[in-house]
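Notes to accompany the following structure.
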Amino acid sequence: MRIEHFLAANAAAQPAKTALITRHKRLRYEELDDLSSRLAAALFVNGVRRDDRVLVFMDNCWEAAVSIFAVLKAGATFSPVNPSTKADKLSYIIGDCDAAAILTQAKLMP
């Protein structure tokens, strides 16, 4: 079973059970499934298609987990990029991987 299907199955079977805990946030399965489904739909509206590559340039946070599930639900492949990556290396990665989209956090924007 693909991991995004595992999430959907758990959201249906035990929606109120805790799926993810971070220092600042706790998400239930139904919340994680809903947030990732909405982001997957937004990715599709913005041109991300099956087998596209999407960079996830984020800290280790709940938003990164939502983003990874969303990319998988959209049928794309996620490529995690460490947020401490230097600008020149990040520029190379962006140019080399032919990403259809980049998901990041406002605090990481230049």
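Positions 1079 to 1188 (my numbering) are the ones given, in order, by the sequence shown.
Note that the Cβ used here is the ideal one computed from N, Cα and C, for glycine as well.
Only a predicted model underlies this, so the values are computations on that prediction, with no experimental measurement involved.
Presumed contact (8 Å Cβ cut-off) between Thr1155 and Arg1131, rounded CB distance: If you number the sequence shown from 1, residue 1155 lands on position 77. If you number the sequence shown from 1, residue 1131 lands on position 53. The Cβ separation is near 5 Å, so the contact holds.
Stretch pair the segment 1169 to 1179 + the segment 1106 to 1118: three plus CB contacts closer than 8 Å: no
Entirely enclosed beta strand (DSSP E) segments - the segment 1119 to 1151, minimum 3 residues: 1131 to 1135
Buried/exposed call for Ser1169, threshold 16 Cβ in 10 Å: As a working mapping, residue 1169 is identified with position 91 in the sequence shown. The residue in question, Ser1169, is exposed, as its Cβ has fewer than 16 Cβ neighbours within 10 Å.
Opposing strand residues paired with Leu1110 [DSSP bridges]: What you label residue 1110 is simply residue 32 of the sequence shown in a count that begins at 1. None; Leu1110 has no bridge partner.
Residues bridged to Leu1105 (per DSSP): The residue given as residue 1105 occupies position 27 in the sequence shown. DSSP lists Leu1098 as partners of Leu1105.
DSSP three-state assignment for Ala1179, whether helix, strand or coil: Walking along the sequence shown from the start, residue 1179 turns up at place 101. Looking at Ala1179 - three-state DSSP - the assignment turns out to be strand.
As assigned by DSSP and simplified to three states, the class of Ser1162: Numbered from 1 along the sequence shown, position 84 holds the residue referred to as residue 1162. In the structure shown, Ser1162 sits in coil (DSSP, three-state: anything other than H, G, I, E or B).
Minimum C-alpha distance to Pro1161 - residue among Pro1188, Glu1082, Asn1124: Translated into the one-based positions of the sequence shown, residue 1161 becomes position 83. Among Pro1188, Glu1082, Asn1124, the Cα nearest to that of Pro1161 belongs to Pro1188.
Which listed residue (Val1123, Thr1100, Ala1165, Ala1142) has its alpha carbon closest to that of Ser1157: Along the sequence shown, one-based indexing puts residue 1157 at 79. The option with the nearest alpha carbon to Ser1157 is Ala1142.
N- and C-terminal bounds of the alpha helix (DSSP H) containing Leu1085: For the purposes of this step, residue 1085 is taken as residue 7 along the sequence shown, with counting starting at 1. Residues 1081 to 1091.
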